[in-house]
Each structure stands twice: as structure tokens, then as C-alpha cells.
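In this note's numbering, the protein residues as written are 64 to 353.
A virtual CB, placed ideally from N, CA and C, is assigned to each residue, including glycine.
The structure under discussion appears below in the form of C-alpha cells.
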Amino acid sequence: KAIRRARAGMKSPKRPIGSFIFLGPTGVGKTELARTLAEFLFGDENALISLDMSEYMEKFAVSRLIGAPPGYVGYEEGGQLTEKVRRKPYSVILLDEIEKAHPDVFNILLQIFEDGRLTDSQGRVVDFKNAVIIMTSNVGATLIKKEATLGFRGTNEPEEISYKEIKNRVMGELNKTFRPEFLNRIDEVIVFKSLTKEEIKKIASLIINNEVKKLLEERKIDLETTEEIKELLTKEAYDSNFGARPLRRTIERLIENPISEKLLAGEFEEGDCILIKAKDGKIMFSKKKK
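Structure below.
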């Protein structure tokens, strides 16, 4: 909604387009959503400026965001945040694992949220008015994972009530971790739930179609898979604690590695169509007849 307001010209001209906190367990797609948002808003996946906040846990590291002071090493290089935004003002800024940042980092962020600009170590004013700021955090992730066991939802209650209760509990954790003046300047806090098996299956389909298939298309080789393959990959990769992270490794191990071996052995060549299907829990690779 914050992005819609900005597009309609209904946002403060001083502040960034939007500032969000993404909360949720690992592997649920927080970073992937930021990347997709950068591509959707600015037409370029490279419009994402990503900073890992675990690099700014110490007080002396905070100055690296806006640049080292005169006389210190790296003064000419500019700030790791300000320099990137100065060169690419239309961007999505991803601050990963924000809870690990030193408290002084939040003072810098407060100025960005309020004034939409920062002055770097060389005295240049850097404009953040055309940026979207996304912070990810694992605060309250254990509460989200325990959604089912804590009994947030009765059998007859709709899922929306469950989500609302989870969000309220997670917001309680958030209030303990961050200062009120910081949270008050955030446009929206978005809570990600743990992925279900059905969602993992859809992600498996996306990885096969968008990555594996495209790599083979460069060699002019087509690829076809069956529904059983996606179910087998989901069964092998699903772990509620790690989300979609194990899925990529599973696809590499069960799909990409065998195809690589067969390509090097000359079993598949240009113009072929590889058919992948499952039989008795095993993955079979064959050349589809035209």
C-alpha cells in the first residue's frame, strides 16, 4: 500500500517510497521478495542494494555506511550505503538481519526515514526519496514455527485469525528488540509464515522451469518433467525449519548432477528432449522420442 501511495503521488516528498520490516524464519523468501520488488519497480534485478547488518555489529564499523572520516583508511571510497545510493538513487535497499546492527546504525536509519537524505563523509547530500528500504529479521521466528503447536487457531476458525494472532505475538517480540521511535517510522511490518509442502512444490517447479530449463536451452536441449518428480523433490527437500533452502541443493543433487554426467558422456546432445520421471522412488532420465 505504501508503494501504491508513492506511485499515486500521495507520499511525503521528503521520505523514501516505503520502509518495511520482513519478519519470518529462514528460507521463506524474504530476500527473494526484495529482489522481485526491485525488478518490478525499477525494471532491473540489479536495482537491489544489499547490505548484511552482521558486518555493522561494532561501533567502529558504523561509519563505513556513510564513509570513513578524513585521515582514515577508505576516506576516498565513500560510504558503503551512501555511495551505492548516490550512483543508483532508484533502488531497493535490503538491510539483512537488522537486529544484529549496532544501535548507532538505527540513528542513521532514523534520519533516512524522517528526512529522506544523508550527508556522507565528503559532505555530499545523498537522496533516499526514490528508494524502498526493506529490513529483514528473524525476531519472533520461533513463534512463527510453533504456530500449530501453540494452538493459535481452533478447528473452525479461519486462517486469517491465526495470522493476526501470530503477528500480534511477533510484534510483541519486535517491541522488545527495537526502540519505539524506530518502529513508529516503519510503513509496515510483514510477517512471513513457514512454507507448506504445496508451496515448496511450486518453488521446485519454478526452479526447474526458470533455471535448469534455461541452462539446457542454451545448449538447444529441451526438458520435460512429470508431477511425480516435483512431489519426489518436495518429499526429499521439505524441512519446516529451513524453508526452501534445502530445495536448491536437492535439485542440484538429484537433477543437475545426473544431467551433467550424461551430457559429458554424450548421452544427450543438441536438439534432444530430456524426459525426467519417477519410478519406485527413483528418478529416471530418458531421451524423448520426437
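Item checked: Best match in 88, 104, 157, 175 for proximity to residue 76 [C-alpha to C-alpha] -> Per the Cα distances, 175.
Notebook entry, point to check: Quick one, are the C-beta atoms of residue 273 and residue 88 less than 8 Å apart?
Noted result: no
Check: In its own chain, which residues sit with a C-beta less than 7 Å from the C-beta of residue 268, not counting the 5 before and 5 after it?
Finding: 293
Checklist line | Whole-angstrom distance between residue 251 and residue 227, CA atom to CA atom | finding: 14 Å
Note to self: Could you tell me the alpha carbon to alpha carbon distance between residue 315 and residue 326, rounded to whole angstroms?
What the structure shows: 15 Å
Next item on the list: Return the chain-ordered ranges of every alpha helix (DSSP H) run that is complete within the region 160-191 and spans a minimum of 4 residues.
Entry: 166-178
Next item on the list: Could you spell out the range, first to last residue, of the beta strand (DSSP E) harbouring residue 148?
Entry: Here residue 148 belongs to no beta strand (DSSP E); instead the alpha helix (DSSP H) covers 145-150.
Next item on the list: Could you tell me how far apart the beta carbons of residue 157 and residue 129 are, in whole angstroms, since I believe they sit closer than 8 Å?
Entry: Not quite, the Cβ-Cβ distance comes to about 18 Å (not below 8 Å), so this is no contact.
Next item on the list: Decide yes or no for the touch test of the region 114-131 against the region 142-150: beta carbon pairs closer than 8 Å, at least 3 of them.
Entry: yes
Next item on the list: Apply the 10 Å Cβ neighbour rule to residue 349 and answer buried if 16 or more other Cβ atoms are within range, or exposed otherwise.
Entry: Looking at its Cβ environment, which holds fewer than 16 other Cβ atoms inside 10 Å, residue 349 is exposed.
Margin query: Rounded to the nearest angstrom, what separates residue 287 and residue 345 at their Cα positions?
Written below: C-alpha separation (whole angstroms): 16 Å.
Check: Looking at the unbroken beta strand (DSSP E) that takes in residue 253, where does it start and where does it end?
Finding: 251-254
Item checked: Cβ pair residue 263, residue 300 closer than 8 Å -> yes
Margin query: Is it buried or exposed, residue 164, if we count other Cβ atoms within 10 angstroms and call 16 or more buried?
Written below: buried
Note to self: Here's the rule: buried if 16 or more other CB atoms are within 10 angstroms of the residue's CB, otherwise exposed. What is residue 198?
What the structure shows: buried
Notebook entry, point to check: Would residue 332 pass as a contact of residue 275 if the rule is Cβ separation under 8 Å?
Noted result: no
Next item on the list: With DSSP as the reference, label residue 277 as helix, strand or coil.
Entry: helix
Check: Taking all protein chains shown into account, do 16 or more other C-beta atoms lie within 10 angstroms of the C-beta of residue 78, making it buried, or fewer, making it exposed?
Finding: buried
Notebook entry, point to check: Helix, strand or coil: how does DSSP classify residue 71 here?
Noted result: Coil at residue 71, not helix or strand.
Notebook entry, point to check: Do residue 277 and residue 334 have their C-beta atoms closer together than 8 Å?
Noted result: no
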